[in-house]
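Residue numbers (our numbering): 1 to 433. Cβ coordinates follow ideal geometry from the N, Cα and C atoms, glycine included. These numbers come from a predicted model, not from an experiment. First the structure, in the form of structure tokens, and then the observations on it.
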């Protein structure tokens, strides 16, 4: 019996020793594999690229995966940012001002150029984004990326803020698209009464979208925030008249609902238009795909044109869109540039657009038969671009916008007159360094 127990114990010890040796062997093998993988990845450069949270049909993520598959020595990682432009601005500024090395490529709104350039947060691209290359992109988009004689970013997502309208209703009443705001109000009043819908749907809440809309009215009446020498002109008679007309659209003409002053996002104003409750709707380019959805009540009933002018003025469509810049703190600026070139290439922009992603910025996209067959509204954009309107370029644009939103919104709310609002705004802008 004792021998049996002794033998059993000896066998148990042998088994334990074998298990221990196998475990050590596996652990060493894992360490060797990890070390080998690390050695293999020493030449791989990771580029951190800011990206809007919104990614229509996942086309940006698909592009990232294609890039990473095509490149052994470069890998792109996205830094997710808010869809809200103001929040994204603050997120970006926080990282750039802190000197973060985890943001190599900045995804920049068109109105941030002067601020970011003045702060020294981004690199000038004059030697990389040559004039020959610039000529392949939409001119107004490149202009928006130019400040103090230097170009600071490459346009990648083109957006414009034109007029969307119910073509079926204009045809029903044998009406053309109006040329002026004065005419548009008359048309809106007529169709409102006949159809029981709203004339205009506007995003006039206190947010950046209010500055987008106000800039269009301002430029349509030959007004502006500043003159060519930088002098404040926001309280000119033309500017006051433009803001007064906006107020009248709510209070006197009754073609804009008072609820518009609570619409702080494009979606707030877009939804009633897509639901068939509105005749005219200025908004960004994404409206087309929303209206063409299979379950849309207005599928095949809406189209696009330039926003109206005032009598003696000019049509104006605010320029939007996003652009890729290289951070001053980028870990490898040359590699970051290679990533930007790939993402803004014609081939990638076309593939993203055909897949239902964002609209690109290369001129040839708007002449490509395959693209136009899938996106017929883009052919109309070539005319709409002729009336592109840029919000003011200023090193403190974020502060300028916030101040302007306050006074313009007070006027629309009836708290102060348009003249009082713009006089107060002019005073504050003159003190803005």
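Go ahead and label residue 28 buried or exposed: buried means 16 or more other beta carbons lie within 10 angstroms of its beta carbon, across all protein chains shown. The predicted model places residue 28 with a pLDDT of 47, which falls under 50 and marks its position as unreliable; any figure quoted below should be read in that light. So residue 28 ends up on the exposed side.
Residue 427 classed as buried or exposed, judged by whether at least 16 other C-beta atoms fall within 10 angstroms: Counting Cβ neighbours within 10 Å, residue 427 comes out exposed, since fewer than 16 surround it.
Taking the alpha-carbon positions, what's the residue 260 to residue 205 distance? The C-alpha of residue 260 lies about 7 angstroms from the C-alpha of residue 205.
Where do the ends of the beta strand (DSSP E) carrying residue 109 lie? Run containing residue 109: 105-109, per the beta strand (DSSP E) assignment.
Taking the C-alpha atoms as reference points, what is the distance between residue 127 and residue 147? Using only the alpha carbons, I get a separation of about 15 angstroms.
Could you please give the first and the last residue of the uninterrupted beta strand (DSSP E) stretch that includes residue 309? Annotation: residue 309 is outside any beta strand (DSSP E) and is labelled neither H nor E by DSSP.
Runs of beta strand (DSSP E) wholly within the stretch 166-231 (minimum 3 residues, chain order): Listed in chain order, they are 198-200.
Starting from residue 75, follow its DSSP beta bridges and name the residues at the other end. Bridge pairing for residue 75: 46 [DSSP].
Just how far apart, CA to CA, sit residue 334 and residue 73? Residue 334 and residue 73: Cα-Cα distance of roughly 13 angstroms.
Just checking my contact of residue 442 with residue 198 at CB under 8 angstroms: how many whole Å lie between their CB atoms? Nothing can be reported for residue 442, as the shown portion of the chain is limited to 1 through 433.
Indicate the three-state DSSP secondary structure (helix, strand or coil) for residue 416 in the structure shown. Here residue 416 sits in coil by DSSP.
Under 7 angstroms between C-beta atoms of residue 361 and residue 155: Result yes, Cβ atoms of residue 361 and residue 155 sit closer than 7 angstroms.
Helix or strand or just coil, what does DSSP make of residue 327? Correct three-state label for residue 327: strand.
Out of 163, 182, 181, 186, point me to the one whose CA is closest to residue 173's CA. Per the C-alpha coordinates, the member of 163, 182, 181, 186 positioned closest to residue 173 is 186.
On the three-state DSSP scale, how would you describe residue 489? The chain is shown only over 1 to 433; residue 489 falls outside these bounds and no answer can be derived.
Using a Cβ-Cβ cut-off of 7 angstroms (strictly less than) and excluding sequence neighbours within five positions of residue 328, which residues of its own chain qualify? Taken in chain order, the residues that qualify are 120, 121, 122, 123.
Report the residue ranges of all alpha helix (DSSP H) runs contained in full by the stretch 331-388; include only those spanning at least 4 residues, in chain order. Counting only runs of 4 or more, we get 333-343, 346-354, 369-374, 377-384.
Inter-residue CB distance, residue 336 and residue 105 (contact presumed, cutoff 8 angstroms): With 8 angstroms as the limit, residue 336 and residue 105 qualify as a contact, their Cβ atoms being about 5 angstroms apart.
Within 10 Å of its beta-carbon, does residue 430 have 16 or more other beta-carbons around it, so buried, or fewer, so exposed? Classification of residue 430: exposed, given that the 10 Å Cβ count is below 16.
Helix, strand or coil at residue 55 [DSSP, three-state]: Correct three-state label for residue 55: coil.
From the DSSP output, in three-state form, read off residue 265 for me. Three-state DSSP puts residue 265 in coil, outside helix and strand.
Taking the beta carbon of residue 349 as the centre, do at least 16 other beta carbons fall within 10 Å, making it buried, or is it exposed? That one is buried.
Which residue marks the beginning of the alpha helix (DSSP H) containing residue 130, and which one marks its end? No alpha helix (DSSP H) contains residue 130, which DSSP labels as neither H nor E.
Taking the CB atoms as reference points, tell me whether residue 384 and residue 285 lie closer together than 7 angstroms. No, the pair does not count as a contact, with Cβ atoms beyond the cut-off.
Going by C-alpha to C-alpha distance, which of 171, 150, 144 sits closest to residue 160? Looking from the CA of residue 160, the closest CA among 171, 150, 144 belongs to 144.
Residues of its chain near residue 34, where Cβ-Cβ distance is below 6 angstroms and the 5 sequence neighbours each way are ignored: The predicted model places residue 34 with a pLDDT of 42, which falls under 50 and marks its position as unreliable; any figure quoted below should be read in that light. Nothing listed; no residue qualifies.
Quick test of the definition: if touching needs 3 or more C-beta pairs under 8 angstroms, does the stretch 376-391 touch the stretch 296-311? Contact between the stretch 376-391 and the stretch 296-311 is present, with at least three C-beta pairs closer than 8 angstroms.
Residue span of the beta strand (DSSP E) that contains residue 161, given as start and end: Here the beta strand (DSSP E) through residue 161 covers 154-161.
From 410, 414, 403, 412, pick the residue whose C-alpha is nearest to that of residue 225; which is it? Nearest C-alpha to residue 225: 403.
Using a Cβ-Cβ distance under 7 angstroms, would residue 260 count as near chain D? Reference to chain D is not applicable here, since this structure consists of a single protein chain.
Between the Cα of residue 82 and those of 54, 93, 94, 71, spot the shortest distance and give me the residue it belongs to. Among 54, 93, 94, 71, the Cα nearest to that of residue 82 belongs to 54.
What does the alpha-carbon distance come out to for the pair residue 410 and residue 425? The straight-line gap from Cα to Cα measures roughly 11 angstroms.
Anticipated Cβ contact below 8 angstroms, residue 325 with residue 108, distance rounded: Rounded, the Cβ-Cβ distance is 5 angstroms, consistent with contact.
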